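Report on one structure; see the data block that follows.
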Amino acid sequence: MGPYKAPGDDGFPPVFFQVNWNRVGPGICSFVKQVFGGSMSVRNANKTLITLIPKRDNPEYVQHFRPISLCTVHYKCVTKVITARLKGVMDDLISPFQASFIRGRQIQDNLIVGQEVLHTMKKARGRRGFMALKIDLEKAYDRLSWRFIQQTLIMAGLDRGLINLILDCVSSASYNVLWNGEKTEYFKPGRGIRQGDPISPYLFVLCIDRLSHLICDMVNEGKWVPIKTSRGGPNISHLMFADDLLLFGVASTEQASCMMECLNNFCEASGERVNTAKSSMFFSPRVSREVITQIQSITNMKITAEIGTYLGFPLSRKRKPTATFQYIVERVSAKLATWKANSLSMAGRITLAKSILSSVPLYPMQVAHVPLSICKEVERIQCNFIWGRRYHNVGWETITLPKHLGGLGIKQLAAMNSAFGCKLAWKLMTGEKGLWCDTLLHKYIVRNESEMFEVKAGDSALWKFVCKQKHIVEKGVRWRIRGGRLVKFFTDAWLSNDLFIKDYCLRPLSEAEWESKVADWILANTWDFNRLVTVVSREIIKRLAATHPPVLGAGQDVLMWGASSNGTFSVTTAYNIIVNPDPSLFHPGFKLIWKWSGAERVRVFMWLAFHDRLPTNVWRSRWSISSPLCNFCDGQEESVMHILRDCSYAKEMWYDLLNPTHVAVFFNARLKDWFCLNLKRELGKFSHLKWNTLFAVGIWKLWNWRNMMVFDSSFQKPRFPANVIVQVGPSFSYGGRQSVLFGASEERHGIWSPPPYDWCKINVDGAVTADGSLAGCGGVLRDARGVWLSGFSYHLGICSALEAEEWAFLKGLQFARNKGVDHLVVESDSWELISALSQPADVNGQSLVMAQIRDLLALDWSVQWKHAFREQNQVADRLAKEGLVISSIYDHCPSFLRSLIILDCVGVHSPLAS
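See the structure below:
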């Protein structure tokens, strides 16, 4: 529950309960248990405040407001438990035409299907035309009948006790309206559900699905003739996203009567009402004017030349794509018009540019190609908003780089558009289930099984957009080996990204070798290295040594997304493939700046200074704006280093703050080295104050004082600047970084803890060299007293860091199993691995090593696994590094580990080794 959600009738927001959970938590838990146990009604917590949110500027009538219900936290705790139970069964209960609030379905599904249906309608060449009705339900939530809700829940087969509880939640509500800051008198409703109640969306989806059942019955009876986008494709009779409805069918009076009969029957039973004034109809080109007029007389809905927008997206396309998506530029400009940019700091403008301005174009980009000119125009608006009307200190190409490479992490819109297209292509390639996939599969892919992404004249703009991403997707595709019978050993990407074994051969391949599969290079359940050493290079041999060989009976090989560590597609990794930023731009200073725990405006200032792009007098003098001399000392040119360190005024401040032993290194370092030095090391004389805080606040204050001297003639600089920094520094160290709700970040405990009595613990770790040329793993087995039982180091070859961690976990389980351990705790410092093991198994997504780990965990022994911080895992870390060189078993504690073992046994923190 969001901590700062609006409070309900009792005036307490969620943050109050979260901060004081130790005191109020038991009472809330007791209340929820009693409600579900039937011994208490939810009525006592069901008083609701209604706040009216204007739908338009200058609202005049009640219908111009949207009523939002503010429920109490006690009540939300009950309904959130109910919704958690409903989520698990919604996919089975709801028809495939409804896309809202169903796990695995998204709003984009309907937009894709809607585009393809309209494309089919416009390209229709038969005698029969088609029509589409866009239906608006008037006050859909407020008009829903409680009796209809009860019937729907019974039809869904829910437990009778749960049904009664849901009905109690709906019917026991009492309202008062928050009007001009004051509450009106309480009143009780007779129907409807509340916007703002966690359970309302799910109840509405269940109820509106009854309309879907009526439509499907009409289709099965032959009364409703749906649209088919292709021969053999799914019948598309309607699309739903909550109360946003699109109806499709043949353009005839009989079909129109059938549609209205369905709508009228549903409305009569549910209490809903169609708003014919806001509903509209669209017809395919070959429908005669006479038929259109007859249909309009039946529906009483307006006729439109284009269907317009659906779910905020333009389904209809204009001749020029730029005209279709010009609304994106207009919306971005409209948002800017409501903001007072001059009153915002640069950090505030960057935040708004990244979040609000970027989000407007990203929504349509997920299902359509947005023209490059539109992307460039939005980026121009973003850039101007960040810098204002002044000179742009840092170029847009740099700003759009990742933060660790010197940018601000703002995404390039055209690249993001392509990344979203890659997501659609990937889902089609991997056989994702869903109505939109079936529609595209039968319309385009079935026609040519040899070439999945083929474009023909007349194909939809959406399909052309997806096919355009084919070459990008191919760069990220990698095979995950199971049985090894599908993947070609030499010509398919399976061992690593962008690595084909054919490029590492020692000799020309025969035709049989060229076509050989991965499984053909296995002998006695392991790699046939005797044959391989004569064919492939030593690097490939090392990679194969760290790769689990195919397993007979493990199933078919599957495609995975090789650009991510876990094989799952992500838009971010696709974006990185498209942009392909230069890794040589990396500098550790960028990470240090963004990791600094202080106010965002100070971090942005340091970022500018690190780039040497502060508008100093030297910089301004290039445009003859001012003299290049310093305003503080009038003796030297004012560069970035001068104003922040070398000016006499700055020197005076730094001498008062620095430990004398560090003065020389402080004043001799160059700009970027200077930042790294001060953000990493403790150079100050005040032991109770962090030096990186004093440094950051110090340079920021120096720059502020300099600006005030330039632009305010009455300003007097502080006589003792060091005192000011010491006083204000601590107030900046947590600004914008620490949550007032949860306080400081989680404390990292560096002490190893023994397992329970009669249990053993094995700590495991993987290691990879900086250049990725070697990998190893290791582990140590100890009893409940911390006594060394045994340890191992294992040389892997060449693999990724996550693969090394997986091998370490597997080898650790096998090692403990062979030692006869039957109660085991496994600790690893790989959070990604521990999280993956805590999730349900993804049969297609997991590696063979992970599959073997799960098989071992399922055997007849007690195994627990948990995450350990690196400080707690130093013994295993050292053994893993030994595994970079050699494989070995240590029945007795080796001498190089004795000090670490003793520290672990006595419970003393040991600092991390470098």
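When you number the sequence shown by full-length UniProt numbering, it's gap-free, plus one each residue, and the end is 914. In this text, a Cβ means the ideal position worked out from N, Cα and C, and glycines have one as well. It should be emphasised that the depicted structure is a prediction, and the values quoted were computed from it without experimental measurement.
Legend entry - 3 or more residues per run - each beta strand (DSSP E) lying fully within the region 474-533: As far as the region 474-533 is concerned, its whole beta strand (DSSP E) runs of at least 3 residues are 477-480.
Legend entry - Per-residue burial, Pro54 [other beta carbons within 10 Å of its own, 16 or more giving buried]: With fewer than 16 Cβ atoms within 10 Å of its Cβ, Pro54 is classed as exposed.
Inset, instruction - Please confirm whether Thr99 and Asp109 have their CB atoms less than 8 Å apart. - result: According to the sequence as given, residue 99 is Ala; it is not Thr. The beta carbons of Ala99 and Asp109 sit closer together than 8 Å.
Inset, instruction - Could you tell me the boundaries of the beta strand (DSSP E) in which Arg66 lies? - result: It spans Phe65 to Leu70 - the beta strand (DSSP E) in which Arg66 sits, taken as one unbroken run.
Inset, instruction - Give the straight-line distance between the Cα atoms of Arg543 and Arg480, rounded to the nearest whole angstrom. - result: Counting only the Cα atoms, Arg480 lies some 15 Å from Arg543.
Legend entry - Meets three-Cβ-pair contact criterion under 8 Å: the region 465-481 and the region 553-561: Yes, since at least three Cβ pairs between the region 465-481 and the region 553-561 fall closer than 8 Å, the two stretches touch.
Inset, instruction - Output the distance between the C-alpha atoms of Ser800 and Asp57, rounded to the nearest integer angstrom. - result: Looking at the backbone, the Cα of Ser800 and that of Asp57 are separated by about 56 Å.
Legend entry - Nearest neighbour of Ser862, chosen from Val15, Trp759, Ala242 and Asn44 [CA to CA]: For the residues Val15, Trp759, Ala242 and Asn44, the minimum Cα distance to Ser862 belongs to Trp759.
Inset, instruction - Use the C-beta contact count for Tyr391: other C-beta atoms within 10 angstroms, 16 or more gives buried, fewer gives exposed. - result: So Tyr391 ends up on the exposed side.
Inset, instruction - Indicate, with yes or no, if the ligand PLP has a heavy atom lying under 7 Å from the CB of Ala609. - result: Ligands in the displayed structure: none, and consequently the ligand PLP is not present.
Inset, instruction - Return yes when the Cβ of Gln115 is within less than 8 Å of the Cβ of Leu532, no when it is not. - result: Going by C-beta atoms, Leu532 is not nearer than 8 Å to Gln115.
Inset, instruction - Pull up the distance between the alpha-carbon of Gln106 and that of Leu247, whole angstroms please. - result: Between the alpha carbons of Gln106 and Leu247 lies a distance of about 19 Å.
Inset, instruction - Give the DSSP-derived three-state secondary structure of Tyr757 in the structure shown. - result: In the three-state scheme derived from DSSP, where H, G and I count as helix and E and B as strand, Tyr757 is classed as coil.
Inset, instruction - Would you list, in sequence order, the uninterrupted beta strand (DSSP E) runs of no fewer than 3 residues that lie entirely inside the UniProt domain "RNase H type-1" (762-885)? - result: Runs of beta strand (DSSP E) with 3 or more residues, each lying fully within the UniProt domain "RNase H type-1" (762-885), are found at 775-782, 788-797, 823-828 and 862-867, listed in chain order.
Inset, instruction - Within 10 angstroms of the Cβ of Asp855, are there 16 or more other Cβ atoms? Answer buried if so, exposed if not. - result: Burial is judged here by how many other beta carbons sit within 10 angstroms of a residue's own beta carbon; Asp855 has fewer than 16 and is exposed.
Inset, instruction - Determine which residues share a DSSP beta bridge with Lys47 and list them. - result: Note: Lys47 sits in a beta bridge opposite Ser174.
Legend entry - Cutoff 7 Å; reference Ile307; Cβ partners in own chain excluding five residues on either side: Here the set comprises Leu118, Ala132, Lys134, Phe282, Leu315 and Ser316.
Inset, instruction - Assign Gln34 to one of two classes, buried (16 or more other C-beta atoms within 10 Å of its C-beta) or exposed (fewer than that). - result: By the neighbour-count criterion, in which 16 or more other beta carbons inside 10 Å mark a residue as buried, Gln34 falls on the exposed side.
Legend entry - the region 702-720 contacting the region 672-688, beta-carbon criterion three pairs below 8 Å: No, the region 702-720 is not in contact with the region 672-688.
Inset, instruction - Could you work out which residue in Leu903, His213 and Leu70 is closest to Ala173 when comparing CA atoms only? - result: The shortest C-alpha separation from Ala173 is found at Leu70.
Legend entry - Secondary structure of Asn235, DSSP reduced to three states: Here Asn235 sits in strand by DSSP.
Legend entry - Pick from Lys811, Val250 and Thr304 that is closest to Thr229, judged by C-alpha positions: Comparing Cα positions, the closest option is Val250.
Legend entry - Straight-line gap, Met121 to Ala305 (C-alpha atoms, nearest Å): Rounded to the nearest angstrom, the two C-alpha atoms are 13 Å apart.
Inset, instruction - Please work out which residues of its chain come closer than 7 Å, Cβ to Cβ, to Phe809, disregarding the five sequence neighbours upstream and downstream, and give them in chain order. - result: In the same chain as Phe809, and ignoring 5 residues on each side of it, the C-beta atoms closer than 7 Å to its own belong to Val764, Val826, Ser828, Leu833 and Ile853, in chain order.
Legend entry - contact_flag[the region 584-594, the region 495-503] where n(CB pairs < 8 Å) is 3 or more: Touching, no.
Inset, instruction - Indicate whether Pro549 and Trp514 have their beta-carbon atoms separated by less than 8 Å. - result: With contacts defined by Cβ atoms closer than 8 Å, Pro549 and Trp514 do not form a contacting pair.
Legend entry - Asp771 classed as buried or exposed, judged by whether at least 16 other C-beta atoms fall within 10 angstroms: Asp771 is exposed by the Cβ-count criterion.
Inset, instruction - Say whether the region 207-224 touches the region 420-439, bearing in mind that this needs 3 or more beta-carbon pairs closer than 8 Å, one atom from each stretch. - result: Counting C-beta pairs with one atom in each stretch, the region 207-224 and the region 420-439 have fewer than three that are closer than 8 Å, which means they do not touch.
Legend entry - Exposure of Asn417, with buried meaning 16 or more beta-carbon neighbours within 10 Å: Buried, since its Cβ has 16 or more Cβ neighbours within 10 Å.
Legend entry - Contact check, Lys443 vs Gly484, beta carbons under 8 Å: Contact flag unset, no.
Inset, instruction - State the Cα-Cα distance for the pair Arg817 and Ser790, rounded to the nearest angstrom. - result: Taking the straight line joining both Cα atoms gives about 12 Å.
Inset, instruction - Can you tell me which of the three DSSP states Glu539 falls into? - result: The answer is helix: DSSP assigns Glu539 an H, G or I state.
Inset, instruction - Give me the Cα-Cα distance between Ala664 and Trp619, rounded to the nearest whole angstrom. - result: Using only the alpha carbons, I get a separation of about 28 Å.
Inset, instruction - Answer yes or no: do Phe632 and Cys647 have a C-beta to C-beta separation smaller than 8 Å? - result: By the CB criterion at 8 Å, Phe632 and Cys647 fall inside the cutoff.
Legend entry - the region 39-48 in contact with the region 168-187 per 3-pair CB rule at 8 Å: Contact holds between the region 39-48 and the region 168-187, because three or more Cβ pairs, one in each stretch, are under 8 Å apart.
Legend entry - Separation of Pro402 from residue 925, as counted between CA atoms: The displayed coordinates of the chain run from 1 to 914. Any statement about residue 925 would go beyond what the structure contains.
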